[in-house]
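Those protein sequence lines, which keep their order, are chains A, B, C and D. Okay, so the first sequence: first residue is 1 according to full-length UniProt numbering, each after it adds one. Okay, so the second sequence: first residue is 1 according to full-length UniProt numbering, each after it adds one. Okay, so the third sequence: first residue is 1 according to full-length UniProt numbering, each after it adds one. Okay, so the fourth sequence: first residue is 1 according to full-length UniProt numbering, each after it adds one.
4 protein chains.
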Amino acid sequence: MEDITVVFDEAVAPEDRTAPVLIEGLPGIGHVGKLVAEHMIQELGAVKIAEIHSIYFPPQVLIGENGVVRLCNNELYRCSGEKGAFLFLIGDFQSTSNEGHYLLSQVYVDIAHKLGVKRIYTIGGYGVGHFIETPRVITAVNKESLSQLVIEAGGVFGDGEPGGGIIGAAGLMLGLSAPLEIEGICLMGETSGYLVDPKSAALVLEVLTRLIGISIDPANLKERAGEMEVAVQRLLEQEKKSEEELSYIG
Amino acid sequence: MEDITVVFDEAVAPEDRTAPVLIEGLPGIGHVGKLVAEHMIQELGAVKIAEIHSIYFPPQVLIGENGVVRLCNNELYRCSGEKGAFLFLIGDFQSTSNEGHYLLSQVYVDIAHKLGVKRIYTIGGYGVGHFIETPRVITAVNKESLSQLVIEAGGVFGDGEPGGGIIGAAGLMLGLSAPLEIEGICLMGETSGYLVDPKSAALVLEVLTRLIGISIDPANLKERAGEMEVAVQRLLEQEKKSEEELSYIG
Amino acid sequence: MEDITVVFDEAVAPEDRTAPVLIEGLPGIGHVGKLVAEHMIQELGAVKIAEIHSIYFPPQVLIGENGVVRLCNNELYRCSGEKGAFLFLIGDFQSTSNEGHYLLSQVYVDIAHKLGVKRIYTIGGYGVGHFIETPRVITAVNKESLSQLVIEAGGVFGDGEPGGGIIGAAGLMLGLSAPLEIEGICLMGETSGYLVDPKSAALVLEVLTRLIGISIDPANLKERAGEMEVAVQRLLEQEKKSEEELSYIG
Amino acid sequence: MEDITVVFDEAVAPEDRTAPVLIEGLPGIGHVGKLVAEHMIQELGAVKIAEIHSIYFPPQVLIGENGVVRLCNNELYRCSGEKGAFLFLIGDFQSTSNEGHYLLSQVYVDIAHKLGVKRIYTIGGYGVGHFIETPRVITAVNKESLSQLVIEAGGVFGDGEPGGGIIGAAGLMLGLSAPLEIEGICLMGETSGYLVDPKSAALVLEVLTRLIGISIDPANLKERAGEMEVAVQRLLEQEKKSEEELSYIG
C-alpha cells in the first residue's frame, strides 16, 4: 500500500476533472467546513471524481448501508455550470499524525495544481468555546492582494485571531499552495466548537458564494447539520472505544 | 530487518499453501476472533505454513516452554479436507501504530491474493460494555451481494452498528481486499469486552461454519477460553509493566 | 514535500551566504535563545537568506499582518561587518518528534558546514523552576580546548548541570557538528522557565558578544521580551487548542 | 544522518574486534544489566572499539567532564584474555520508539554476527515491585539445548515468568539472533525495580561468570551501584524536565 493513494474515476474524462477553483471542507471544529462543502456538493449536484486513501487516516473501515464497508477516505467532487467548474475536497478524517498532515496537504495541493486550480478556498470553524450570538467569518489568505476581496465579501481579519495559527489541512493547504502560484483563502466560521453548527455554516456559505459568484439556498443546512451531528457523535464514540480497543489488541 | 517479513515453511510445497478461503482471528475485543480461529485450527488439525514478523509489533519476545523465547508474530495455518482447503491468520498482537495497521493488513491481503484466496472471513468481538444474555453476530461485508448469504447463515446487520466503523485488521482486510476482487465478510460476536468470551465465540463459530459448509464441535471452546484468559491476563499485566519499563529504559 | 526543505533566497549571491560563525536561537526554555538571537538580528541588521520547512514542525500555518499566512518554519539570517560575518538560526518551533530533532539538527550543521562555519554557538535557557536573583550562564562545549575561552568570557561549567544533558537542537547541534570539525559552544542562561526572561538573555548576550568580539546594546531586550511574551502565550494557547482540535478532527 | 550509525575505532585492527561471546548490558529495570556489564568492562580492562548513534535515541547530548558534550550512544567494548575474547554492548539509553527497538536490536545482532559471535548473553533485571530477600536469576534462551547449561550455572526458569515476555533489546536480541545461528541466553536478576541493585547484579554476575568460565571479583559492585544511582537519578530528573521542555519548545 502506498502511503497516500489517489484514484480517479476512469469514467470521468481528464478534461472533466479540471476546475479553476477548489473548495476544501474536511472535518474540523464544529464541522463547519464539512457541512458547507457537503451542502454545496448536494445543491450543485457535484459528482465524485476521485478517492484518496492513506495510512495516515485512522486504521478502520466505515460501515454503510446493508453493512457494506469502505476504507475511510477523502474524496474529490466536481460540478460545472454557468459560472465555471468547482472542485470539492471532503472526507471522513484528517491525518492521525503531524507528519501525515503535511504529506496529505501536499498531495491535495499537487492534485489541485494538476487540475488547473488557480484558487483554493479552505473552510473551517473557529472554536471560541462558548455559544456565540452573531458569529463572524474570520479569514486568512496566502497573498496580501486577496485581503480586500475577502473583506468586501463579508469576511473579517481577526486581530491576531486565530491566536497565531490554523491547524491541519485548512491552514497547510494555504501555505503549501503559495509556491505553486495558487491563491488561497481560508474562511472560518466562529462557533462554540461543541456541535455541528448550521448557523455558522450559513454565514460562511454566504461569504463563500459571494466570492465565487454563485448563489446557493441555505435552507437545508439546518436539517443536514442535524443528520451530521448524529453521524459525528457515532464516530466520536467509536473513536473513544477504538482507542481502548487498540490499546487492548495492540 | 524488513519492516514486515513473511517467511513460509519451505517444507510445505507451494501447491500446499493455497486455499480459496482465509479466516482471520487476530487478538481483539473479548478475543472472540482469536478463540474461534485457534479452536478451528485445533479441531481441523491445521498446520503452520508461515510466520510474519514486523517492527510494528510490540518490541518484545514471548517465553514458551523451558524458557525458550520467540519473537512475537502473526502466523498462517492451513488445513485441507473434503470441503476444500482453509487458511487461518492468527497471532499474538496487532500493530502498535496506526500506519502499521494499514501496512500489515495490506501484506495480509496480498498474501491471500497470491495464495488464491477468493473470500476472507475476519472474526472479532463487538464490545457492548455489559454482560449480554443472548449475543448476536453482527456482520459487515465488502460487497453488497454477500449480504443475503450472511443473513441466511444467522448474521445480522446492526443498524449503524458498530457505530460507524471496524478497527484494525478485521476491518482493514475487508476494505483492502475489495480492489483485489476478494470477497470479505466480517463476523463480530457481541460480548461484554472484559473477558475471553466462549459463549460469543460459539455463536460466531456457528454462523461461520454454516457459511463455509463444514461442521465443528464447539465443546472444547469453554475450556480453551479459560486457558486463553490466563495467557491474556499475563500479557496484559506484562504490557502494563513494559510500558513503565520502556518509559524507564527509553 | 521533502521531509526537510531548505530554500535560499536566490537574490543573495552564494558568496554573501557564508560566515565563520553561526548563532542558534530556536525556541526553548524561557525563550532565552530566541530572545538573544532575534535581538542580535535586529541590532546588527541581519537579513534573511534562507527558510527551512519540515514535516517535523507542527502541522499549522501562522497568521501575520493583514491575515496573510505562512508555513511555520526555521530561518537563517546573516549580517556582515567589521568583525566578519555572522549567521543566525531562528524559528517558530523545534521538531514535534524525537527523530525529527536529530534529522533537523543534522541539516542545520550540514548547512553550516557548507557555508564555511567554523564555530557554532547554541543559546538556550536553563530552567531552574524558581525565580533566580543572579542568573549564571551555564556552558557546554564540544571540544575540551574551548573550555578556557568560555570561562574567560564569563561562562561557568555547572558541576554536572544541566543534570546530564541538553535537549533538542541546542544540544544536538554541538554533538553533530564535532565530526565536521566545527567547534560548538552552548550558552544557557539560568531562568525560572516560566516567562520570556530578558534578564537572563542580557547575561547570555554579554558572554556571547565577548566571545565573538562585538558589542551590542542590550537596552531593547526588555521591551522585546514583553512583545515576545505576548506572542508566545498566544502560540501556547493555540497549541493547547490545536491538540484538542487535532484529536477532534483526526 | 543515518537512522543508525556504527563507527568502529579505526585504531583497532579488524582481527582485534572479533569475539565468540557478546554480553549486552543496556539500561533497564534496576539497571542490573548495565551494572553487571560496566563492572565486567572495568574489572577485565575491556576497551571501547565502536560507537553507535541513532535517531531512535533521545534527542539530547550528555555533558561530561569540563562541560564537554557527547551524543548519547551505545558502545561496544572488547577484552581478550586466557579464556578468549568478549564483547560488551552498553549504553546510555535504549530506543524511544517501538520500531526503533527492533531496528537497533537487528543492528546489534548483525554486528555480532560479523564479529564472529556465537553466543549472546543479554542481562537485565526482573522487576517484582517489592524488596526481595533472596533474588533469583530468571533465565530465558533462544534454543532449547541451552536450558540445561543455564540451570547448571544457577539460573532458574520462571514458570511463565516474566509473565509472557521480555521487553527491549534483552529480549529482541535473543529472538533476532536465532536465525543467524547465534545462541542467546538472557539472565534477569530479580529486583524491586526502584533502585540500581548491586545485590541482584552480584547474583547475575555469579551465574554469568560460571557460564563463560571466568571469575570476577564482585567486591566493587556495591560502590559502583552507588555512583550509578546518582547518575541515573540525574538522567531521570533530566528526562522528566526534558519532556516538559520538549512539549514547551516543540
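Ideal placement from N, C-alpha and C gives every residue a C-beta, glycine not left out.
Checklist entry - Helix, strand or coil for Ile120/D per DSSP? => result As a working mapping, residue 120/D is identified with position 120 in the fourth sequence. Residue state, collapsed to three classes: strand.
Checklist entry - What does Phe157/C reach in chain D if we use C-beta pairs closer than 7 Å? => result Against the third sequence, residue 157/C aligns to sequence position 157. Simply Asn66, Gly67.
Item to check | Any chain D beta carbon closer than 8 Å to Val204/B | outcome: As a working note, residue 204/B is residue 204 in the second sequence. So, not an interface residue.
Item to check | Straight-line Cα distance separating Phe88/D from Tyr248/B | outcome: The count along the second sequence starts at 1 and reaches residue 248/B at position 248. The count along the fourth sequence starts at 1 and reaches residue 88/D at position 88. Residue confidence for Tyr248/B is low, a pLDDT of 43 falling below 50, so the modelled location carries little weight and cannot support an answer.
Item to check | Simplified DSSP assignment, three categories, for Gln60/C | outcome: Start at 1 with the first residue of the third sequence, and residue 60/C comes out as number 60. Looking at Gln60/C - three-state DSSP - the assignment turns out to be strand.
Checklist entry - Which residues, in order along the stretch 111 to 140 of chain A, keep a beta-carbon less than 8 Å from a beta-carbon of chain C? => result Gly127, Thr139, Ala140
Next on the checklist: Can you look up Ile55/B in the DSSP assignment and give me helix, strand or coil?
Outcome noted: Here residue 55/B is taken as the residue at index 55 of the second sequence, counted from 1. DSSP places Ile55/B in coil when its eight states are reduced to three.
Item to check | Lys48/A - partner residues in DSSP beta bridges | outcome: If you number the first sequence from 1, residue 48/A lands on position 48. Note: Lys48/A sits in a beta bridge opposite Tyr77/A.
Checklist entry - Are the CB atoms of Val196/A and Glu237/A nearer to each other than 8 Å? => result Numbered from its first residue, the first sequence carries residue 196/A at position 196. Numbered from its first residue, the first sequence carries residue 237/A at position 237. It is not a contact, given that the beta carbons lie outside the stated cut-off.
Checklist entry - Which residues mark the beginning and the end of the alpha helix (DSSP H) in which Ala202/D is found? => result As a working note, residue 202/D is residue 202 in the fourth sequence. First-last of the alpha helix (DSSP H) with Ala202/D: 198 to 212.
Next on the checklist: Along the chain, where does the beta strand (DSSP E) containing Ala219/B start, and where does it finish?
Outcome noted: Position 219 of the second sequence, counted from the start, is the residue given in the question as residue 219/B. Ala219/B -> no beta strand (DSSP E), and no H or E assigned at all.
Checklist entry - Pro59/D and Tyr102/C: beta carbons closer than 8 Å? => result Your numbering for residue 59/D matches position 59 in the fourth sequence. Your numbering for residue 102/C matches position 102 in the third sequence. Using a Cβ distance threshold of 8 Å, Pro59/D and Tyr102/C count as a contacting pair.
Next on the checklist: Restricting to Cα atoms, I'd like to know which of Ala225/B, Tyr194/B, Glu206/B is closest to Ile216/B.
Outcome noted: Along the second sequence, read from residue 1 onward, the residue named residue 216/B stands at position 216. Answer by Cα proximity: Glu206/B.
Item to check | Near-chain D residues of the stretch 46 to 64 of chain B - C-beta to any C-beta below 9 Å | outcome: His53, Ser54, Ile55, Tyr56, Phe57, Pro58, Pro59, Gln60, Val61, Leu62, Ile63
Checklist entry - By Cβ distance below 8 Å, which residues in the same chain neighbour His39/A in space, the five residues on each side in sequence not counted? => result Start at 1 with the first residue of the first sequence, and residue 39/A comes out as number 39. Contacts found: Ala201, Leu205, Ile216, Pro218, Asn220, Leu221, Arg224.
Next on the checklist: Counting C-beta neighbours from all protein chains within 10 Å, is the total for Tyr194/D 16 or more, i.e. buried, or is it exposed?
Outcome noted: Within the fourth sequence, residue 194/D is the residue found at index 194, counting from 1. Flag for Tyr194/D reads exposed.
Next on the checklist: Using only the alpha-carbon positions, how far apart do Gly250/B and Tyr77/A sit?
Outcome noted: Here residue 250/B refers to the residue found at position 250 of the second sequence. Here residue 77/A refers to the residue found at position 77 of the first sequence. Since pLDDT at Gly250/B reaches only 37, below the 50 mark, its modelled position is unreliable, and no value is offered.
Checklist entry - Can you list the residues of chain C that Leu211/D reaches, using a CB-CB cut of under 8 Å? => result The count along the fourth sequence starts at 1 and reaches residue 211/D at position 211. Ordered by position in chain C, no residue passes the 8 Å Cβ test against Leu211/D, which lies about 33 Å from the chain.
Checklist entry - Going by alpha carbons, who is nearest to Ile120/D out of Ala140/D, Val61/D, Pro198/D? => result Along the fourth sequence, one-based indexing puts residue 120/D at 120. Looking at the Cα atoms, Ala140/D is the closest of the given residues.
Checklist entry - Since residue 265/A meets chain C, which of its residues come closer than 7 Å, beta carbon to beta carbon? => result Because chain A in this structure spans residues 1 to 250, residue 265/A falls outside the shown range and cannot be described.
Next on the checklist: I want to verify the contact list: residues of chain C whose CB lies under 9 Å from the CB of Leu172/A, in sequence order.
Outcome noted: On the first sequence, position 172 is the one that residue 172/A refers to. By Cβ distance, chain C contributes Pro59, Gln60, Val61, Leu71.
Checklist entry - Between the stretch 54 to 69 of chain C and the stretch 129 to 148 of chain A, do at least 3 Cβ pairs fall closer than 8 Å? => result A contact exists between the stretch 54 to 69 of chain C and the stretch 129 to 148 of chain A.
Checklist entry - Checking contacts by CB at 8 Å: is Asn74/C closer than that to chain D? => result If you number the third sequence from 1, residue 74/C lands on position 74. No, no contact with chain D.
Next on the checklist: Going by DSSP, what residue range makes up the beta strand (DSSP E) through Pro181/D?
Outcome noted: Mapped onto the fourth sequence, residue 181/D falls at position 181. Contrary to the premise, residue 181/D reads as Glu rather than Pro in this sequence. Note, Glu181/D: premise wrong, no beta strand (DSSP E); not H, not E.
Next on the checklist: On a Cα-Cα basis, can you pick out the residue from Arg136/D, Ile151/D, Tyr56/D that is closest to Asn98/D?
Outcome noted: The sequence position of residue 98/D within the fourth sequence is 98, counting from 1. That would be Tyr56/D, whose Cα lies nearest to the Cα of Asn98/D.
Next on the checklist: Between which two residues does the beta strand (DSSP E) holding Ile90/D run?
Outcome noted: Counting from 1 along the fourth sequence, the entry for residue 90/D is found at position 90. That run of the beta strand (DSSP E) goes 84 to 91.
Checklist entry - Leaving out five residues before and five after Gly155/C in sequence, what residues of the same chain have Cβ atoms less than 7 Å from its Cβ? => result Stepping through the third sequence from its first residue, residue 155/C is reached at position 155. Contacts found: Val137, Thr139, Leu187, Val207.
Checklist entry - Thinking C-alpha only, which one of Gln42/C, Cys79/C, Leu235/C, Gly127/C is nearest Glu15/C? => result Within the third sequence, numbered from 1, the residue matching residue 15/C stands at position 15. Looking at the Cα atoms, Cys79/C is the closest of the given residues.
Checklist entry - Which residues in chain C sit within 8 Å of Gln106/A, going by Cβ to Cβ distance? => result As a first step, residue 106/A is located in the first sequence; it is residue number 106 there, counting from the start. Near Gln106/A (Cβ distances below 8 Å), the residues of chain C are Met1.
Checklist entry - If we cut at 8 Å on Cβ distances, does Thr96/C have a partner in chain A? => result Translated into positions along the third sequence, residue 96/C becomes position 96. With 8 Å as the cut-off, Thr96/C counts as an interface residue toward chain A.
Next on the checklist: With a threshold of 8 Å between beta-carbons, can Glu10/D be considered close to chain C, or not?
Outcome noted: Residue mapping note: residue 10/D aligns to position 10 of the fourth sequence, counting from 1. No, Glu10/D lies away from the interface with chain C (no Cβ there is under 8 Å from its Cβ).
Checklist entry - For the candidate residues Glu10/C, Ile63/C, Asp3/C, His31/C, whose alpha-carbon lies nearest to that of Asp159/A? => result The sequence position of residue 159/A within the first sequence is 159, counting from 1. Ranked by Cα distance from Asp159/A, the options Glu10/C, Ile63/C, Asp3/C, His31/C are led by Ile63/C.
Checklist entry - Are Gly25/D and Ile167/D close, meaning C-beta to C-beta below 8 Å? => result Position 25 of the fourth sequence holds residue 25/D. Position 167 of the fourth sequence holds residue 167/D. Cβ distance not < 8 Å, so Gly25/D and Ile167/D don't count as in contact.
Item to check | Entirely enclosed alpha helix (DSSP H) segments - the stretch 98 to 157 of chain C, minimum 4 residues | outcome: 98 to 114, 147 to 152
Checklist entry - Hey, quick one: how far does the beta strand (DSSP E) through Arg70/A stretch, first residue to last? => result Counted from its first residue, the first sequence places residue 70/A at position 70. Start and end: 69 to 71.
Checklist entry - How long is the line joining the alpha carbons of Glu2/C and Gln94/C, rounded to whole angstroms? => result Sequence index remark: in the third sequence, residue 2/C carries index 2 (1-based). Sequence index remark: in the third sequence, residue 94/C carries index 94 (1-based). Using only the alpha carbons, I get a separation of about 17 Å.
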